[in-house]
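Chemist:
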Amino acid sequence: MPKLENIRLEDVASRLGLQHSYVNSEEGQALMVEATGGGCGWGDFDRDGKWDLYLNQAGDCKLPAAKDSQPTDRLFRNVGGQFVDVTESARIAEFGYSQGVAVGDYDDDGFDDIYVTNYRRNTLWRNLGDGTFEEVAEAAGVADERWSSSAAWHDLDGDGDLDLYVCNYVQYNHLVAGPCVNANGEPRVCHPREFEAWPDEWYENQGDGTFLPMAKEVGLVGEGGKGLGVAIADFNNDGRPDVYVANDTTANFLFINEGGTFREQASVLGCAANRMGSLQASMGLAIGDLDNNGWLDIYISHYFNESNTYYQCLGTAGFEDVTGREGLHFPSMPKLGFGTVAEDFDSSGYLDLFVGNGHVENFPGNPLHKMQSQVFSSEGGRWQDVSDTAGEFLQGKRVARGVSGCDFDDDGDVDLAVVHQNDPVALLENRSSHGHWLKLAFEGIENNRRGIGCRVVVRWKDHQGEQRRVHELIGGGSYAVSQQPALFCGLGEWDGPCDIDVHWPNGLQHTLHQVQVDRQHLIREP
65 MPKLENIRLE
75 DVASRLGLQH
85 SYVNSEEGQA
95 LMVEATGGGC
105 GWGDFDRDGK
115 WDLYLNQAGD
125 CKLPAAKDSQ
135 PTDRLFRNVG
145 GQFVDVTESA
155 RIAEFGYSQG
165 VAVGDYDDDG
175 FDDIYVTNYR
185 RNTLWRNLGD
195 GTFEEVAEAA
205 GVADERWSSS
215 AAWHDLDGDG
225 DLDLYVCNYV
235 QYNHLVAGPC
245 VNANGEPRVC
255 HPREFEAWPD
265 EWYENQGDGT
275 FLPMAKEVGL
285 VGEGGKGLGV
295 AIADFNNDGR
305 PDVYVANDTT
315 ANFLFINEGG
325 TFREQASVLG
335 CAANRMGSLQ
345 ASMGLAIGDL
355 DNNGWLDIYI
365 SHYFNESNTY
375 YQCLGTAGFE
385 DVTGREGLHF
395 PSMPKLGFGT
405 VAEDFDSSGY
415 LDLFVGNGHV
425 ENFPGNPLHK
435 MQSQVFSSEG
445 GRWQDVSDTA
455 GEFLQGKRVA
465 RGVSGCDFDD
475 DGDVDLAVVH
485 QNDPVALLEN
495 RSSHGHWLKL
505 AFEGIENNRR
515 GIGCRVVVRW
525 KDHQGEQRRV
535 HELIGGGSYA
545 VSQQPALFCG
555 LGEWDGPCDI
565 DVHWPNGLQH
575 TLHQVQVDRQ
585 HLIREP
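Going by my numbering, the residue at position 513 of the sequence shown is 577; the numbering climbs one at a time, nothing skipped.
#1: Check for me: the beta strand (DSSP E) holding histidine 218 runs from which residue to which?
#2: Cysteine 518: beta carbon under 7 angstroms from a heavy atom of the ligand ADP?
#3: Can asparagine 300 and tyrosine 308 be called in contact, C-beta distance under 8 angstroms?
#4: Specify the secondary structure class of threonine 373 as computed by DSSP and reduced to three states.
#5: Are the beta-carbon atoms of tyrosine 367 and tyrosine 374 separated by less than 8 angstroms?
#6: According to DSSP, simplified to helix, strand and coil, what is arginine 72?
#7: Put glycine 323 into one of helix, strand or coil per three-state DSSP.
#8: Between the C-alpha atoms of glutamate 250 and glycine 101, what's the straight-line distance to the nearest angstrom?
#9: Is there contact here, the region 240–249 with the region 316–329, by at least three beta-carbon pairs under 8 angstroms?
#10: Between the region 498–514 and the region 541–551, do at least 3 Cβ pairs fall closer than 8 angstroms?
#11: Report the residue ranges of all alpha helix (DSSP H) runs contained in full by the region 258–333; include only those spanning at least 4 residues, in chain order.
#12: Our contact map puts asparagine 430 next to serine 396 with C-beta atoms below 8 angstroms; I'd like the distance itself, whole angstroms only.
#13: Hey, could you find the ends of the beta strand (DSSP E) glutamate 493 is sitting in?
#14: Is arginine 533 closer than 8 angstroms to glycine 413 when the C-beta atoms are compared?
#15: What is the rounded straight-line gap between the Cα of aspartate 149 and the Cα of arginine 184?
#16: From glutamate 287 to serine 546, what distance separates their C-alpha atoms?
#17: Quick one: measure Cβ to Cβ for tyrosine 179 and aspartate 227, integer angstroms, because I've assumed they're closer than 8 angstroms.
#18: According to DSSP, simplified to helix, strand and coil, what is leucine 432?
#19: Let me know the secondary structure DSSP gives serine 153 once reduced to three states.
#20: When you compare the CB positions of glutamate 425 and arginine 257, do they come within less than 8 angstroms of one another, or not?
#21: Taking all protein chains shown into account, decide if alanine 203 is buried (16 or more other Cβ within 10 angstroms of its Cβ) or exposed.
#22: Between the C-alpha atoms of leucine 276 and aspartate 487, what's the straight-line distance to the nearest angstrom?
#23: Enumerate, from N- to C-terminal direction, the unbroken beta strand (DSSP E) stretches of 3 or more residues contained entirely within the region 364–417.
#24: Within 10 angstroms of the Cβ of methionine 435, are there 16 or more other Cβ atoms? Answer buried if so, exposed if not.
#25: How big is the Cα-Cα spacing for isoleucine 71 and alanine 454?
#26: Taking the Cβ atom as the reference point for each residue, do phenylalanine 383 and leucine 333 lie within a distance shorter than 8 angstroms?
#27: My assumption, with CB atoms under 8 angstroms, is that aspartate 582 sits in contact with histidine 500. Please give the rounded CB distance.
#28: With a CB to CB cut of under 6 angstroms and the five nearest residues on each side skipped, what residues in its chain are close to arginine 304?
#29: Using three-state DSSP, classify glutamate 425 as helix, strand or coil.
#30: Quick one: any contact between the region 160–173 and the region 218–238, if contact means 3 or more CB pairs under 8 angstroms?
#31: What beta strand (DSSP E) runs, 3 residues minimum, are completely inside the region 540–583?
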């Protein structure tokens, strides 16, 4: 069995030129919007085969979103392993109080586009293919004026192009609400229960560069809301994408796809609240087959003293909260988590978890504002916190928000970008000792170009019999970020060829035989 101490992550951001801090401009008023941002998004925006990084920026929420008063989001191009700020030459002028990022090729021209969620008006940056972008949100019909958090691209209606799901948070306006105060009259971050929820929205891609808001028409509506994280994946193995939403202090949503319309089933299927029936402050979410049973599980980060939650999928029976039984309850109790990802960092054949932590309250003398982020590993047994042996970065304390995975150095394993409030972004290079692996990317024709929604079953036979690993290229996930659209499949000690069953979003299936390991493969739609 692989060793738990195999995982090591090293921050190389400064050395590689990635210098950026998400500055929320807090001035002691504890405004609610200052506590939630920001995120980031990976994309190959210039199609040179290297993964570039878009990073949110906040500025001062008390000022208008004008060029002369606000800093802008930044775009860093990956040039030979070094990151170069190309924001101005790319003509990106994103001056909103940014929260999150969703990257996707919505117009199917081969170039990744960028959707930015903001405290005020959301924006859509269309990639023109010449190194520049233009802002088209209003013309496209996606310039949402509500406070949005996370967003996800996915082909929910099965017509071959990417649609857009946007999480909206609460009906908060700092000009109206003003600062909230505690019993001593001191400023505190407002509680989400003090505000009504904004409903989420689903924008159906019309195929002509425009979108229509269609959430109500297809049943993507639920009671409560206050969405912070969203993941789109096939949770019931019926070949259709479902939508899971992590809501803050209200019941989480699981919208089951019934073939064109959706039904909210989280309570029925056991993933709306924890095993005690308590509604938690859900932030980010990691999706993956954590127990290797062929069904996607859900891991959600929560508020301080709530513990994160691991919903194990039991198949058609739904989900069970197994957090305590799996050893994940107590390690997360003293933390407040946001971005979280499930990836096999050491290619052992078992997924690991990374959680970015940091409190929302920054009052003078609060020792809990900055927190250590965490890495959890199971290797087929109970989960353990392995942060102490995972490298120097994990020993420091920061206020983490968005966490996004990408193989930026193209060596076959997953690295991480971690956005911090008022501290530099981290670029965690994966230096784990690891087993054998496969890295899979996709190229659609009738399906969306990046193959978002593709599912694979990797199969091989060893001395214990047939082994199977299920991976799906989901839409969204984590918190306020976009991750590289690729699958990283750890194989452990297996170094022989594998067979790969490929399931495309439109139902097309085919099998690749005798696929060589320790290599990257581009799977093209037949």
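Glycine included, every Cβ here is placed at the ideal spot set by N, Cα and C. Predicted model only: the values in this text are computed from it and were never measured.
Modeler: Reading off the structure:
#1: For this step, residue 218 is matched to residue 154 along the sequence shown. 212–218 is the span of the beta strand (DSSP E), which, as asked, contains histidine 218.
#2: Here there are no bound small molecules, and the ligand ADP is not part of this structure.
#3: Start at 1 with the first residue of the sequence shown, and residue 300 comes out as number 236. Start at 1 with the first residue of the sequence shown, and residue 308 comes out as number 244. No, the Cβ-Cβ distance between asparagine 300 and tyrosine 308 is not below 8 angstroms.
#4: Counting from 1 along the sequence shown, the entry for residue 373 is found at position 309. In this structure, threonine 373 counts as strand in the three-state DSSP scheme.
#5: Counting from one through the sequence shown, the residue named residue 367 turns up at place 303. Counting from one through the sequence shown, the residue named residue 374 turns up at place 310. Using a Cβ distance threshold of 8 angstroms, tyrosine 367 and tyrosine 374 do not count as a contacting pair.
#6: Taking the sequence shown and counting its residues from 1, one reaches residue 72 at position 8. Arginine 72: coil per DSSP, three-state reduction.
#7: As a first step, residue 323 is located in the sequence shown; it is residue number 259 there, counting from the start. Reduced to three states, the DSSP call for glycine 323 is coil.
#8: For the purposes of this step, residue 250 is taken as residue 186 along the sequence shown, with counting starting at 1. For the purposes of this step, residue 101 is taken as residue 37 along the sequence shown, with counting starting at 1. In a straight line, the C-alpha of glutamate 250 is about 23 angstroms away from that of glycine 101.
#9: no
#10: yes
#11: Counting only runs of 4 or more, we get 279–282, 330–333.
#12: Numbered from its first residue, the sequence shown carries residue 430 at position 366. Numbered from its first residue, the sequence shown carries residue 396 at position 332. Not a contact, Cβ separation roughly 19 angstroms.
#13: Residue 493 sits at position 429 when you count from the first residue of the sequence shown. From DSSP, the beta strand (DSSP E) with glutamate 493 extends over 490–494.
#14: The sequence position of residue 413 within the sequence shown is 349, counting from 1. The sequence position of residue 533 within the sequence shown is 469, counting from 1. The answer is yes: Cβ separation under 8 angstroms.
#15: Taking the sequence shown and counting its residues from 1, one reaches residue 149 at position 85. Taking the sequence shown and counting its residues from 1, one reaches residue 184 at position 120. Using only the alpha carbons, I get a separation of about 25 angstroms.
#16: Here residue 287 corresponds to residue number 223 of the sequence shown, with the count starting at 1. Here residue 546 corresponds to residue number 482 of the sequence shown, with the count starting at 1. When the Cα atoms are used, glutamate 287 and serine 546 turn out to be separated by approximately 26 angstroms.
#17: The residue labelled residue 179 in the question sits at position 115 within the sequence shown. The residue labelled residue 227 in the question sits at position 163 within the sequence shown. So it is not a contact: roughly 12 angstroms between Cβ atoms.
#18: The residue you call residue 432 lines up with position 368 of the sequence shown. It is coil, neither helix nor strand.
#19: Looking up residue 153 in the sequence shown gives position 89. Under the three-state reduction of DSSP, serine 153 is assigned to coil, being neither helix nor strand.
#20: Residue mapping note: residue 425 aligns to position 361 of the sequence shown, counting from 1. Residue mapping note: residue 257 aligns to position 193 of the sequence shown, counting from 1. No.
#21: Reading the sequence shown from its first residue, position 139 is the one you call residue 203. With fewer than 16 Cβ atoms within 10 Å of its Cβ, alanine 203 is classed as exposed.
#22: Here residue 276 corresponds to residue number 212 of the sequence shown, with the count starting at 1. Here residue 487 corresponds to residue number 423 of the sequence shown, with the count starting at 1. Between leucine 276 and aspartate 487, the alpha-carbon positions lie close to 38 angstroms from each other.
#23: 373–377, 383–385, 401–407
#24: To locate residue 435, count along the sequence shown from 1; it is residue 371. With 16 or more other Cβ atoms within 10 Å, it is buried.
#25: The residue you call residue 71 lines up with position 7 of the sequence shown. The residue you call residue 454 lines up with position 390 of the sequence shown. In this structure, the CA atom of isoleucine 71 is about 5 angstroms from the CA atom of alanine 454.
#26: By one-based count along the sequence shown, residue 383 stands at place 319. By one-based count along the sequence shown, residue 333 stands at place 269. Cβ atoms of phenylalanine 383 and leucine 333: closer than 8 angstroms.
#27: In the sequence shown, the residue the question calls residue 582 occupies position 518. In the sequence shown, the residue the question calls residue 500 occupies position 436. Correct: roughly 5 angstroms between the Cβ atoms.
#28: The residue you call residue 304 lines up with position 240 of the sequence shown. Contacts found: Asn321.
#29: Within the sequence shown, the letter at position 361 stands for residue 425. Of the three classes helix, strand and coil, the one that applies to glutamate 425 here is coil, per DSSP.
#30: In this structure the region 160–173 lies against the region 218–238, because at least three pairs of beta carbons, one per stretch, are closer than 8 angstroms.
#31: Counting only runs of 3 or more, we get 551–556, 562–567, 573–579.
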